[in-house]
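K.L.:
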Amino acid sequence: MILQRLFFSVLIQMVLSYDFTDDNWNQFDAYGVKLATNDNVVVQARNIDAYFVIQFAPFNASNLSSPCHVNYAGSKSNDTNFIYNIVVPEGDVNGASVIFVGENTDNSTSPYPFVGHLRVNSSCMATYDIQYFNSSGHDEFFVVGVDPSGQQAYGFSSQFAFSYNLQTHTITLLQQWPIPNFTPHAVDVSSNYVAIIAGFVTTTQNVYNPYIYMLQMNISSYSIVETWPYVPSSSSWQATTTNRDASTFTRKHMMSVSIHDNTSAVLVGMPSFNIVFWFNIEGTNLTVFGQRENGYQRGYGQSLGWSDESGGPYPVILANTYTFPYEWSSSIIYWFYPAQFLSSNPIMPMLPTVQCPLWVDLQQELLTIAMGTLNLVLLDSSGQVYVMLAAAEGFYPDTSVAIGTNPTFSNPTSCPAGTFKNWVGVYICYPCTAGQMNTDDGNAEWLTYGCDGENSICPLGSITNDTYSDMTTSISQEVSYPESPESIIFDDILIVNMFSFGTSTSCLMVSPVFWTMVMTGFVMLILLIMGILKFSKQHVKTRLMIKRIFRQADIIREGELWVGGLASLALIVLVMFAYHFSGSYLNQYPIETAPPSTFACDQTIRNAKFQTNLQSLTTPRSEEVEPIFELLDEQHFKLTIDFINTQQNCDDVTITQIVHSYSQVILSNCTYNRSTVTVSTTLQSHTVSLIYNFAKAVSIGGFRISFYSEQIELNNKSSNSNYFVQEFNFVQPFFVYNQTMAYDPTIVYELTRIINQTYPLDDNGLYSYNALWSPVTTSSTSDLFLTYEEYMYYGLLKTTFTISISEVTYYTMNVQQPIAKKSEIIFHNLLFTTVCLELFGLMFIGMKLIGLPLFNGFRYFIEKHSNLIHPEPFSDKSNEALKTQEPFPSYFKPVPNKLNETSKTQEQLPKYSKPVADKLNETSKTQDQLPKYSKPVPNKSNEASKTQEQLPKYSKPISDKSNEVSKTREQLPKYFKPVAGKNQNRSKIALHPGSVNLDCIYVPDTVYWSSFTVTDIIRSGLGSMSFSYNGVCAAGD
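When the letters of the sequence shown are read in order and numbered with mature numbering (1 follows the signal peptide of the UniProt record, and there is no 0), they come out as residues -17 to -1, 1 to 1020.
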């Protein structure tokens, strides 16, 4: 029991005798805010030095007074007062009025909280009033607020609260306080004595939830007007935040509150939730106007305030970024329009920027900001105070310099060309938007002008409206290496081009099939003419002569058919086109010197096939290829960079060259013309980096990079090769219309060797090696150019442009070879000719075996059915109409009459025919050879009588009166006509055209004769005829 009491006694003593650590004394934001300002004064509390720093207005370089250093109260008596928070009234203009709260740790048994009021005039004369409270142990949170008029201050800790009359220095405790389970972290008071207090409320589960209280304050009491708990959405990461250590002061659990008295707008920052709320006080209600988050981080809203620039108020927020376990990462100050605050889109910061970078002696970590009406005061982690002074129209606060010591002040500087500013405040100059420009520099210019030049280039931040048409053209010698055609076999290429049509006139004019069809049409015309001549008696010899000529020209059937001579004309046309195509195609190599292929429908056809591959530089190379690599390495590049639409000049730029980790400043040729800085230098190596350092941070609209090197050629007779490295002329502009060049862009070029190997067309020809360098950049325009917001954010004290050049570890080898050489083309043309001959011959065979039998059968069918339906009558008038018959040509001889032939048996007669008597002295056929219904007829001649079976069904038997075998009527050719003599036993018929006279056997109602074809006569040899067809001799046949 005694040990238990002793333990509690020691624990209580440790709490009551709390002592601040060295870190607490050295940190300039430990336990609260140590910076305050209004339009008349800037105040900083420095616990480590135990004094206040007070700087009075006016804040300008020409009339800046030295700051006052006022020691803490009790410092002479070794009192150790640790100040938590300080505030100054906004409306105080008579000297400095500073209200502060803290704890006294004078090595007594218990720390004493206190509140104090410091009055200081411009002569640094100070008076103190300090009030100590009864000790109740160490308190982690102790905040204070003052009304804008400086009449009443209010203090709140986790254990007590009070009002402090600044006129009578009277302390009144607020008996209602504390609010159960609530610890205050920040407070601000309005002119109507409304206090906004932000803090945490603990629950039984040791979870701390953020709460905001709106209190209506009186001298001795207060009333809670509104309570607003922050409840994150269940799906947000903030919902998992418990703030278990919120009972102990840390930067993570700091909060901030700022009231804009004229509009009753309230800002509340909660860094542990990375969120800032904008409230409006509407009577007794605290209404949320909007909120702004900063992602999944910590530190957003650690400090904040209001700016009263024209059209304000505008929220100003310190956005710190902390990483786990709450280590500082970055500090950015944002200035918001109301619409920007309500939007979730990222915005440009106010500090640091291009125009407002952090002063070099200012630490990157910012702890606190404080706002006057227009001025912005900030405190860094080293305790340095920096004041951004509001600048007039056409000027901005240049934070790259500092006036004074501590605090230090910015210097107003005119807006650079390409930017403008048409209001008074701490904000920076805006860049001219695309299509606008500002040509003035060094003047208080705040107007912009439209770019009215035709085709002018006015990107973001333009200073001129020049067209720069010569600066926007790209030059690249490299072309896409062609792929091999779909077919690299000459046979296929020849066949496709011989039998292809095109839709255009030019294609038809070079199409072999088209001209073959034209020749076929000519052949059809000749056939028509031959057909007409066939019916003309006067042109018999002409027709025969034409046949003889074309038969001699028949290369398809080897002189067998005169029609084959006509078809040979079409074949010759096709083959001639094949020879012409092949000869022209042979000369379409190589592609670099080949003219357009006007001989073919596809004018891009070339006698070339291609192969492309990548090879490593470490692969051993042949002796034939090695010289081209040596020539490539011998090329020295001249690099030229044009920085376009800028006010940078040659005096502001220096070039540092880095080769193999060795850097040196090199000389260059620099000119300035038409708002363009042109810098040229010769590269010492193909692997090099150049850094262009510009002293000024002014906008650059774009840039153009150019490489140049002369050509190199070498002829090697021993290897029968020619080596040629092309002139290297490469130009690449970089422009983005609505953006401007970044302030520290880095562009990387990789050089690739492109080697083209061309095989000769002849076996003894010259091998050709052609090479060039191919530069390719891997940099993106998003890395090289800035948008409006990025331009305002990513700023340095000067512009740095870096270009890095290197060689890749591989090269591209392109190989070009001919598809067909001369000997191959000759051989394939002979094959094509042979194939065409065989194809045409196959066509004739098909016509002979299939076409002609079908035609003759069809004609026989038509003639047979035509005679059955419409038989032609015989009359004497038709015979009389015929004139005397022309004599046989001299080369025809009559066929002797065979009287002693064996008579035909009656079995050859049809069943319905009667036997015909043979009137001659030949042996008659026995009746055994006749059908049963037939009777023998006497033999009247020396030839065998015909049986009735040889007659058509509609024919009647006749007696043989001329010792010849009678013919049936179906054998009558159409060109035979009967001659006069109705009652004659023999009639003469005429053969048209150029006919001969034949004997026609006439019997009442039926006439029979023997017929022949003209070809049969010609081939049988003048004097012999073969009769194989029977027909009816009738007029008109």
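Where is the CB? At the ideal position from N, CA and C, for every residue including glycine.
To the nearest angstrom, how far is the alpha carbon of Gln199 from that of Val343?
P.N.:
One C-alpha to the other measures close to 45 Å.
K.L.:
Please state if the CB of Ser146 and the CB of Phe124 are separated by a distance shorter than 8 Å.
P.N.:
Result no, Cβ atoms of Phe124 and Ser146 do not sit closer than 8 Å.
K.L.:
Taking C-alpha atoms, which residue in Ser80, Arg531, Phe560 and Thr499 lies nearest to Ala553?
P.N.:
The candidate whose alpha carbon is nearest that of Ala553 is Thr499.
K.L.:
Which term fits Glu466, buried or exposed, when burial requires 16 or more other beta carbons within 10 angstroms of its beta carbon?
P.N.:
Exposed is the call here.
K.L.:
Return the first residue and the last residue of the alpha helix (DSSP H) that Ile512 is part of.
P.N.:
It spans Pro495 to Lys517 - the alpha helix (DSSP H) in which Ile512 sits, taken as one unbroken run.
K.L.:
Would you tell me roughly how many angstroms separate the C-alpha atoms of Ser327 and Cys51, rounded to the nearest one?
P.N.:
About 43 Å.
K.L.:
For Ile330, does the three-state DSSP call read helix, strand or coil?
P.N.:
Residue state, collapsed to three classes: coil.
K.L.:
What separation, rounded to the nearest whole angstrom, lies between the Cα atoms of Val662 and Met724?
P.N.:
Approximately 17 Å, taken between the alpha carbons.
K.L.:
According to DSSP, simplified to helix, strand and coil, what is Trp756?
P.N.:
Residue state, collapsed to three classes: strand.
K.L.:
So Leu615 and Val681 are supposed to be a Cβ contact under 8 Å. How far apart are they, rounded?
P.N.:
The pair is not a contact, with the Cβ atoms about 40 Å apart (cut-off 8 Å).
K.L.:
Report the residue from Gln367, Cys398, Ala375 and Pro399 whose alpha carbon sits nearest the alpha carbon of Thr388.
P.N.:
Answer by Cα proximity: Gln367.
K.L.:
Assign Glu617 to one of three DSSP states: helix, strand, or coil.
P.N.:
In this structure, Glu617 counts as helix in the three-state DSSP scheme.
K.L.:
Cβ atoms of Leu301 and Ser314: under 8 Å apart, would you say?
P.N.:
A contact, by the Cβ cut-off of 8 Å.
K.L.:
Output needed for Met237: all residues of its chain with C-beta closer than 7 Å, excluding positions within five of it in sequence on either side, in chain order.
P.N.:
Excluding sequence neighbours, Met237 sits near His168, Pro254 and Gln285.
K.L.:
Mark Tyr675 as exposed unless 16 or more other C-beta atoms lie within 10 angstroms of its C-beta, in which case mark it buried.
P.N.:
Burial call: buried.
K.L.:
Classify Tyr843: buried if its beta carbon has 16 or more other beta carbons within 10 angstroms, exposed otherwise.
P.N.:
Under this definition Tyr843 is an exposed residue.
K.L.:
Flag this pair as touching only if the segment 402 to 417 and the segment 371 to 380 have three or more C-beta atom pairs under 8 Å; answer yes or no.
P.N.:
Short answer: they touch.
K.L.:
In this structure, how does DSSP classify Ile476 when only helix, strand and coil are distinguished?
P.N.:
Helix at Ile476.
K.L.:
Measure the Cβ-Cβ separation of Ala136 and Val126 and say whether it is below 8 Å.
P.N.:
Not in contact: Ala136 and Val126 (Cβ atoms no closer than 8 Å).
K.L.:
Within its chain, find whatever has a CB closer than 8 Å to the CB of Phe(-11); leave out the 5 residues flanking it on each side and keep chain order.
P.N.:
Bear in mind that the predicted position of Phe(-11) carries a pLDDT of just 42, short of 50, making it too unreliable to give a figure here.
K.L.:
What residue ranges within the segment 626 to 692 form continuous beta strand (DSSP E) runs of no fewer than 3 residues, ordered along the chain?
P.N.:
Those beta strand (DSSP E) runs which fall completely within the segment 626 to 692 and span 3+ residues are 636 to 642, 645 to 649, 652 to 656, 659 to 665, 671 to 677 and 683 to 692.
K.L.:
Report the three-state DSSP secondary structure of Gly266 (helix, strand or coil).
P.N.:
Reduced to three states, the DSSP call for Gly266 is coil.
K.L.:
Going by C-alpha to C-alpha distance, which of Phe42, Val26 and Gly834 sits closest to Phe35?
P.N.:
Checking every option, the nearest Cα to that of Phe35 belongs to Val26.
K.L.:
Going by DSSP, what residue range makes up the alpha helix (DSSP H) through Val558?
P.N.:
Looking at the DSSP string, the run of the alpha helix (DSSP H) that includes Val558 is Trp545 to Leu569.
K.L.:
Would you kindly report the start and end of the unbroken beta strand (DSSP E) that includes Asn797?
P.N.:
That run of the beta strand (DSSP E) goes Thr782 to Gln800.
K.L.:
Between Leu549 and Leu510, is the Cβ-Cβ spacing less than 8 Å?
P.N.:
Yes, the Cβ-Cβ distance between Leu549 and Leu510 is below 8 Å.
K.L.:
According to DSSP, simplified to helix, strand and coil, what is Ile411?
P.N.:
Coil.
K.L.:
With a cut-off of 8 Å on the beta carbons, I'd call Leu101 and Val81 a contact; round off their distance for me.
P.N.:
About 4 Å separates the two Cβ atoms, so the contact holds.
K.L.:
Check whether the segment 810 to 828 touches the segment 606 to 624, taking contact to mean three or more Cβ pairs, one atom from each stretch, closer than 8 Å.
P.N.:
No, they do not touch.
K.L.:
In or out: Val103 buried (at least 16 other Cβ within 10 Å) or exposed?
P.N.:
With 16 or more Cβ atoms within 10 Å of its Cβ, Val103 is classed as buried.
K.L.:
Hey, how far is the Cα of Thr525 from the Cα of Ile828?
P.N.:
Rounded to the nearest angstrom, the two C-alpha atoms are 28 Å apart.
K.L.:
Do Gly133 and Gly85 have their C-beta atoms within less than 8 Å of each other?
P.N.:
No, the pair does not count as a contact, with Cβ atoms beyond the cut-off.
K.L.:
Excluding the 5 residues preceding and the 5 following Glu790 in the sequence, name in chain order all residues of the same chain whose CB lies nearer than 7 Å to its CB.
P.N.:
Around Glu790: His669, Thr670 and Leu734.
K.L.:
Should the segment 271 to 290 be called in touch with the segment 316 to 325, which here means at least 3 C-beta pairs below 8 Å?
P.N.:
Yes, the segment 271 to 290 touches the segment 316 to 325.
K.L.:
Can we say the segment 390 to 401 touches the segment 42 to 50, given the rule of at least three CB pairs closer than 8 Å?
P.N.:
Cβ pair count under 8 Å is three or more, so yes.
K.L.:
What does the alpha-carbon distance come out to for the pair Val70 and Ile330?
P.N.:
Straight-line Cα distance between these residues: approximately 30 Å.
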